[in-house]
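Residue numbers (this note's numbering): 303 to 550. Just so you know, even glycine gets a beta-carbon here, dropped at the ideal spot from N, CA and C. Taking it in order: structure first as structure tokens, then the write-up.
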């Protein structure tokens, strides 16, 4: 019996050694390959890195650059691997915790990111510039749609790329929150700048509504921006009301 116990203990130790030294490339089997492309692995499964990480979005791939991660071991016992990540691509930075609950559900927590607004032009036909930063306390996604959320998105040094050149707009914030089985609600506010934006955003399933008043304190707006807004917004005092409704 003693010999059997020793053999069993040795087998357990060998299995632990194999798991602890599992190579980093095994992470590719934990993340959905149809959504995340990883290459250039180094380190271990528990604490490793990839020299290249691409995230597939509806409009194409978002390059995250070099990715470092640490995997919480006990999360595997719950079949919900949790990764603490940090990525860098030039001035772009993204960090936080990601929990994978199957191929259809993802949770983000204590998540921070900073990217150029020019990246948005890769996915949306908008002539905008500046820097986007976000802090997400909690976000749960199912099939790519938010189910619970709390966080803030900030657009700093926003600018409109007019035919006459770049026009400064200001800096803006979107505070958003969502309770389970309720729509996502967001509030748009102006932090500073010559163009004010105040309003709300709502996302219910795939249906969205955006209502934002775009005004200037002096009542004088750049003629190019005024012409662009007149194509999709209605005139109000000192500016325009932008009302958008549709489905993602």
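Distance check for residue 416 and residue 459, CA to CA, integer angstroms please. 13 Å
Compare the Cα-Cα distances from residue 554 to each of 383, 357, 452, 358 and report the closest residue. The requested residue 554 is not part of the displayed model; the chain covers only 303 to 550.
Could you check what DSSP says for residue 331 in three-state terms: helix, strand or coil? Helix.
Within a Cβ cutoff of 7 Å, which residues of the same chain sit near residue 374, ignoring the five residues on either side of it in sequence? 384
Buried or exposed: which applies to residue 522, given that a residue is buried once 16 or more other Cβ atoms fall within 10 Å of its Cβ? It counts as exposed.
Residue 378: beta carbon under 8 Å from a heavy atom of the ligand NAP? What this structure holds is no ligand at all, so the ligand NAP is not there to describe.
Of the residues 401, 434, 396, the one placed nearest residue 377, counting alpha carbons only: 401
Find the nearest neighbour of residue 344 within the set 335, 354, 337, judged by alpha-carbon distance. 354
Separation of residue 455 from residue 413, as counted between CA atoms: Whole-angstrom Cα-Cα distance: 11 Å.
Boundaries (first-last residue) of the alpha helix (DSSP H) holding residue 383: Element bounds for residue 383: n/a, residue is neither H nor E.
Look up residue 527 in the DSSP assignment and say whether it is helix, strand or coil. Residue state for residue 527 is assigned as helix, using DSSP reduced to three classes.
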